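Just so we're aligned, residue 91 is where the sequence shown starts under our numbering, counting upward by one.
Heads up, the beta-carbon is just placed ideally off N, CA and C, and yes, glycines get one too.
These numbers were taken from a predicted model, which means no experiment stands behind them.
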Amino acid sequence: METIGRWLTEAIGTVNNWVWSPVLVALCLLAGLYFSLRTRFVQVRRFGEMFRLLFGSAGKDKKKTGISSFQAFAMALSGRVGTGNIVGVATAIGFGGPGAIVWMWVIAFFGAGSAFVEATLAQIYKENHYGQFRGGPAYYIEKGLHSPFFGAVFAVLAAVACGIFLPPVQCNGIALSCARSFGVETWVIGVIVASLIGLVIIGGVKRIANVAQVVAPFMAAIYIILAIVVLIVHWQVVPGVFMQMLRGAVGVNEVGGALLGSTIAWGVKRGIYSNEAGQGTGPIVAAAAKVSHPVKQGLVQAFSVYIDTLLVCTATALMILACKTYNIIDAVVQTPTGAMVSYLQQNPGAPEGEPGVFYTTGALGTVVGPRAGDMVISIALFFFAFTTIMAYYYYAETNLVYLFNRWRRRIYKKHPERLAELDRADEVFGDDKGEKVIVWLLRVGTITAVFCGSLVGSGIVWTLGDIGVGAMAWINIIAILLLSPKALASLKDYEKQEKQGIEPCFKPEKLDIKGAEFWER
91 METIGRWLTE AIGTVNNWVW SPVLVALCLL AGLYFSLRTR FVQVRRFGEM FRLLFGSAGK
151 DKKKTGISSF QAFAMALSGR VGTGNIVGVA TAIGFGGPGA IVWMWVIAFF GAGSAFVEAT
211 LAQIYKENHY GQFRGGPAYY IEKGLHSPFF GAVFAVLAAV ACGIFLPPVQ CNGIALSCAR
271 SFGVETWVIG VIVASLIGLV IIGGVKRIAN VAQVVAPFMA AIYIILAIVV LIVHWQVVPG
331 VFMQMLRGAV GVNEVGGALL GSTIAWGVKR GIYSNEAGQG TGPIVAAAAK VSHPVKQGLV
391 QAFSVYIDTL LVCTATALMI LACKTYNIID AVVQTPTGAM VSYLQQNPGA PEGEPGVFYT
451 TGALGTVVGP RAGDMVISIA LFFFAFTTIM AYYYYAETNL VYLFNRWRRR IYKKHPERLA
511 ELDRADEVFG DDKGEKVIVW LLRVGTITAV FCGSLVGSGI VWTLGDIGVG AMAWINIIAI
571 LLLSPKALAS LKDYEKQEKQ GIEPCFKPEK LDIKGAEFWE R
């Protein structure tokens, strides 16, 4: 049995390495570069417009149908700002050196172009579903590329990975961190997190959006303030830290030269993992917003990439580097008695072993003390991981609803009169009982998975979730590359209407865009 388990673990690890190969990393980076060039660097040109749409009256209006631009932004930020901003940054530094952070900035800059395109496409091909807007890769793959099969494949991957595999990993991180800092049993933390998640997700997208728009910006702001306090205390070394990152990014030092390949690889991989640009999860939330033109939400979602990587991830990195609470790992060798770590560079006083959250807690501990540092970072991890679970659930729910409704229409396709009768009943009663059942099953499954995450290790579950997310990225990036002319035409239309001095309004027939039924109505 032990042999089978070891073989299964190795097989899953091999598949994960295939999915997250250097080819996918290069594809994400090159796609972002392509979109940036084709949009004439919209992420720079329209930065002021991003800010206006997000925080102006257009972002704060209350919506009877759909949610506001700011709420959609906050939900996307909830998914992007998670444990990766604390643990992922530490891992990037530990295995790639300080220069990896510069490469995270690079992928964030170009990734904002990818985020703009996929969010705009999600808006173009969204649907009004009982007063909620649903959309994302599954929808624009089916409608834009006329490929229901690959739309369904994406939806299955998203529903399973985001609904079952990834939530327990986040809860596991919360439980272990809080147990270490506060001495509470992990199962107690599991009950608390599962109960709170249940209260939020049972309320549907509106409640998720309402919680996200308060918690996500607040937790990001507080975390950045903490980082600023740490940097003020260590202000003398901050200029040197920036030079260290820049020199390491191009290998202009002894350690950087030896690590340059790993520096680029870890920076790009952790940047993609953190900001999710191109992975296909961001557009699921982007489709939920009510706007007068798809480009508006494309600009708003591009801005969330900046918040995640350029602010939150950078805050973590600067704390760790300024306080020298990190080591650079040369290799991790598995031995019969455990893992043995060899160091390429070791800083006195830095925690030994593989890089992780203690790099960040150690940095904060230099200011507030080790015990308080552990407690503060545990609280930050709680909120980061909690809001990420909320976002994961919404990703899964949207794709499960997509699968159910496509299956239902396929079943009734041979009986048009029954389908028409069913549609009329849905219109009268405002919902579908079958859909309600599967959504409740997903809620119960996600809440259970969250609790289980506090009881068991998360290694194999995390790897399975990574495989699902990586496979989603493969499908989504190819799809948005093929559909990018639609997003580019929409951007041109938006800017043309702006120059004419009118409020941009989207009419797909003018741009010869087929399949945008919501906008056609």
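Extent of the continuous beta strand (DSSP E) to which residue 223 belongs
Counting from 1 along the sequence shown, the entry for residue 223 is found at position 133. Going by DSSP, residue 223 is part of the beta strand (DSSP E) stretching over 222 to 224.
CA-CA distance, residue 147 and residue 158?
To locate residue 147, count along the sequence shown from 1; it is residue 57. To locate residue 158, count along the sequence shown from 1; it is residue 68. For residue 147, the predicted model reports a pLDDT of 44, less than 50, meaning its position is unreliable; a value from the coordinates is still stated below. Approximately 10 Å between the Cα atoms of the pair.
In this structure, does DSSP put residue 437 in helix, strand or coil?
Here residue 437 refers to the residue found at position 347 of the sequence shown. In this structure, residue 437 counts as coil in the three-state DSSP scheme.
Please determine, among 467, 417, 596, the residue with the shortest C-alpha to C-alpha distance to residue 183.
In the sequence shown, counting from the first residue as 1, residue 183 sits at position 93. Cα-wise, what sits closest to residue 183 is 417.
With distance defined between alpha-carbon atoms, name the residue in 538, 572, 162, 131 nearest to residue 284.
Counting from one through the sequence shown, the residue named residue 284 turns up at place 194. The candidate whose alpha carbon is nearest that of residue 284 is 538.
When burial is assigned at 16 or more other CB atoms within 10 Å of the CB, is residue 333 buried or exposed?
Working through the sequence shown from its first residue, we reach residue 333 at position 243. Answer is exposed; the Cβ neighbour count stays below 16.
Return yes when the Cβ of residue 312 is within less than 8 Å of the Cβ of residue 480, no when it is not.
The residue you call residue 480 lines up with position 390 of the sequence shown. The residue you call residue 312 lines up with position 222 of the sequence shown. Taking 8 Å as the Cβ cut-off, residue 480 and residue 312 do not qualify as a contacting pair.
Taking only the alpha-carbon atoms, compute the straight-line gap between residue 314 and residue 376 and give it to the nearest angstrom.
Your numbering for residue 314 matches position 224 in the sequence shown. Your numbering for residue 376 matches position 286 in the sequence shown. Taking the straight line from one Cα to the other gives about 25 Å.
Using a 10 Å radius around the Cβ and a threshold of 16 neighbouring Cβ atoms, would you call residue 391 buried or exposed?
Walking along the sequence shown from the start, residue 391 turns up at place 301. Buried, because 16 or more other Cβ atoms sit within 10 Å of the Cβ of residue 391.
Indicate whether the contact test is met: 3 or more Cβ pairs, each with one atom in the stretch 378 to 386 and one in the stretch 203 to 217, closer than 8 Å.
As far as the Cβ criterion goes, the stretch 378 to 386 touches the stretch 203 to 217, which means the pair count is three or higher.
Near residue 595, which residues of its chain fall below 8 Å by C-beta distance, leaving aside the five closest residues on each side in sequence?
Translated into positions along the sequence shown, residue 595 becomes position 505. 382, 383, 587, listed in sequence order.
Enumerate in chain order the residues of its own chain whose CB-to-CB distance from residue 403 is below 7 Å, with the five nearest sequence positions on each side excluded.
As a position in the sequence shown, residue 403 is number 313, starting the count at 1. Excluding residues up to 5 positions away in sequence, 175, 179, 194, 364 lie with their Cβ nearer than 7 Å to the Cβ of residue 403 in the same chain.
Can the beta-carbon of residue 144 be found closer than 8 Å to that of residue 393?
One-based indexing of the sequence shown puts residue 144 at position 54. One-based indexing of the sequence shown puts residue 393 at position 303. Yes, the Cβ-Cβ distance between residue 144 and residue 393 is below 8 Å.
Is residue 419 helix, strand or coil when you go by DSSP?
As a position in the sequence shown, residue 419 is number 329, starting the count at 1. DSSP places residue 419 in strand when its eight states are reduced to three.
Does the distance from the C-beta atom of residue 129 to that of residue 185 stay below 8 Å?
For the purposes of this step, residue 129 is taken as residue 39 along the sequence shown, with counting starting at 1. For the purposes of this step, residue 185 is taken as residue 95 along the sequence shown, with counting starting at 1. Cβ atoms of residue 129 and residue 185: not closer than 8 Å.
I believe residue 492 touches residue 229 by the beta-carbon criterion, under 8 Å. Please report the beta-carbon distance rounded to the nearest angstrom.
Counting from 1 along the sequence shown, the entry for residue 492 is found at position 402. Counting from 1 along the sequence shown, the entry for residue 229 is found at position 139. The pair is a contact, with the Cβ atoms about 7 Å apart (cut-off 8 Å).
State the start and end residues of the unbroken alpha helix (DSSP H) segment that holds residue 599.
As a position in the sequence shown, residue 599 is number 509, starting the count at 1. Segment: none, residue 599 is in no alpha helix (DSSP H) and carries neither H nor E.
Beta-carbon contacts of residue 453 that lie in its chain and below 8 Å, excluding the five residues immediately before and after
Within the sequence shown, numbered from 1, the residue matching residue 453 stands at position 363. In chain order, 320, 409, 410, 412, 413, 415, 463 place their CB closer than 8 Å to the CB of residue 453, counting only its own chain and leaving out the 5 sequence neighbours on each side.
Residues near residue 400 by beta carbon distance below 7 Å, same chain, minus five either side
Counting from 1 along the sequence shown, the entry for residue 400 is found at position 310. Within the same chain, residue 400 has close Cβ partners 195, 198.
Here's the rule I'm using: 16 or more other beta-carbon atoms within 10 Å means buried, otherwise exposed. How should residue 125 be labelled?
On the sequence shown, residue 125 is found 35 positions in, with the first residue counted as 1. With 16 or more Cβ atoms within 10 Å of its Cβ, residue 125 is classed as buried.
If distances are taken between C-alpha atoms only, which option among 374, 189, 164 comes closest to residue 339?
For the purposes of this step, residue 339 is taken as the residue at position 249 of the sequence shown. When only C-alpha atoms are compared, the closest one is 189.
Note the first and the last residue of the continuous alpha helix (DSSP H) segment covering residue 275.
For this step, residue 275 is matched to residue 185 along the sequence shown. Premise fails: residue 275 is in no alpha helix (DSSP H) and is neither H nor E.
Which stretch, first to last residue, makes up the alpha helix (DSSP H) that contains residue 218?
Reading the sequence shown from its first residue, position 128 is the one you call residue 218. No alpha helix (DSSP H) contains residue 218, which is instead part of the beta strand (DSSP E) from 217 to 219.
Three-state secondary structure (DSSP) of residue 84
The structure shown has nothing for residue 84, since the chain only spans 91 to 611.
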